[in-house]
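Notes to accompany the following structure.
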Amino acid sequence: MRIALDIMGGDLAPKEIIAGGKAIAAKEPSWEILMVGLPAAKPLLGELPANISFVPCGSVMGMDEPVEALLHKKDSSIWLATKLVKDGEAQAVVSAGSTGAQMSAAILLLGRVKGIARPAITVVLPTLQGGKVMLDMGANPDVKPEMLLQFAQMGVIYANIVRGVESPRVVLLSNGAEECKGNEVTVAAHKLLAASELNFAGNIEGRGIPKGDYDVLVCDGFAGNIVLKTMEGLNSALFSLLKEEFSRNLLRKTGAALVWRGLKNIKLRLDYAEHGGAPLLGVNGVSIICHGSSPARAIENAVKVAASCVKGDFVGKTARFFNKT
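Pasting the structure below:
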């Protein structure tokens, strides 16, 4: 297993990215981590084990830099890390940098799987019933019904390979459970999903998302991005309120000490870092997009997700599904 890791991408780069890469390299000595970064970052790596290599780059794509700039930065860390996959020198790329830049690099260098109209970003949502697959998370704010069907099909393959779900239950995000609810695209997509070979369980409203009574949640990238960030914000606000209330007096502080382990476990279950990165499904290679503020633990788990996609031959199975003869 050989993974290209962009150590320059992300708010906490390169320190946390390097730490995450070193952590997974120590746990998986048979894997090789190719750390792509500026020469100035190399001293931060310290003494490297045999399964970590440093690949120098000449520039970095800024988080707020227009995607078009990527074409003038073909020596950037995300471009070179993705090119390692294209050239067969790595089997996957992981980055916490600019999502737009990573998507563009993947599409330009790796290309789309034949038959896929648009790639989609997939995340694992924390719910009461464990992690659930959701797509699209932001790659496609405007979609067609046929695209939502393809998202569902890719999501099912991913849930089966990476999440180990035998027959994933698919739901479609809408403003009502009835099949007639939603905008024109959603209503048309419902008909396509209902007529497909998928295990389609109908529409789901926003309030049903945290319950997790599904395996794959399908929506356009505009709604998906709002759902994800709303859940992140709500989780953060919830624990801020708990901290505020438990700090009011000595009695509450004592009570907090008694339930602290349980609260910590809940926070861990809701932490995006535990689920690693978000695969860009539909491109002809494994490209894992990480949260911009990913700490070392999130990077470590993202590399695990990349490895699972490679081991499970996700790209190959997707290509075979969409190109049946």
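If you read the sequence shown in this note's numbering, its first letter stands for residue -19, the second for the next number, and so on. For glycine and all other residues, C-beta sits at the position ideal for the given N, C-alpha and C. All figures in this text were calculated on a predicted structure; none of them were measured in a lab.
Of the other Cβ atoms in all chains shown, fewer than 16 fall within 10 Å of the Cβ of S220; this residue is therefore exposed. Cβ contact annotation for E(-4) (same chain, cutoff 6 Å, sequence separation greater than five): P275 and A276, in chain order.
Assigned with DSSP and collapsed to three states, M117 falls in coil, not helix or strand. Taking I279 as the centre and dropping the five residues before and after it, the same chain places the C-beta of I(-3) and G0 closer than 6 Å to its C-beta, in chain order.
For L14, there is no enclosing alpha helix (DSSP H); the residue is found in the beta strand (DSSP E) stretching over E12 to G17. In the displayed model, G26 falls within coil according to three-state DSSP, outside both helix and strand.
Distances from the CA of P36 to each of C199, R98, L64 and N179 were compared; the closest alpha carbon is that of L64. Boundaries of the alpha helix (DSSP H) harbouring S220: G201 to F226, taken from the DSSP string. Under the three-state reduction of DSSP output, R98 falls in the coil class, being neither helix nor strand.
Note: T107 is bridge-paired with G110 in the DSSP secondary-structure output. DSSP assignment within the segment 58 to 102 yields the following whole beta strand (DSSP E) runs of 3 residues or more, N-terminal first: 72 to 75. If you draw a straight line from the Cα of G80 to the Cα of K66, it is about 18 Å long. By the criterion of at least three beta-carbon pairs nearer than 8 Å, the segment 110 to 125 is in contact with the segment 196 to 205. A139 places its beta carbon 7 Å or farther from that of L178. Assignment of R149 by DSSP, reduced to helix, strand and coil, places it in the strand class.
With a cut-off of 8 Å on Cβ pairs, the segment 40 to 53 is not in contact with the segment 221 to 237, counting fewer than three such pairs.
Annotation for R(-18): the continuous beta strand (DSSP E) segment containing it runs R(-18) to D(-14). The three-state secondary structure of A(-7), taken from DSSP, is coil. The C-beta of P106 has 16 or more other C-beta atoms within 10 Å across all chains shown, which makes the residue buried. DSSP places V290 within a helical segment (H, G or I) once states are collapsed to three.
Put simply, the backbone Cα of L(-15) is about 28 Å away from that of V196.
A distance below 7 Å separates the beta carbons of V263 and A86. Shown here, P9 sits in coil according to DSSP, grouped into three states, outside any helix or strand.
With contact defined as three or more Cβ pairs closer than 8 Å, the segment 178 to 194 and the segment 143 to 155 are in contact.
If you check the CB distance, K191 and L108 come in under 7 Å.
Considering only R(-18), G77 and T102, the residue with the shortest C-alpha distance to N31 is R(-18). Annotation: G26 to I4 spans about 16 Å, alpha carbon to alpha carbon.
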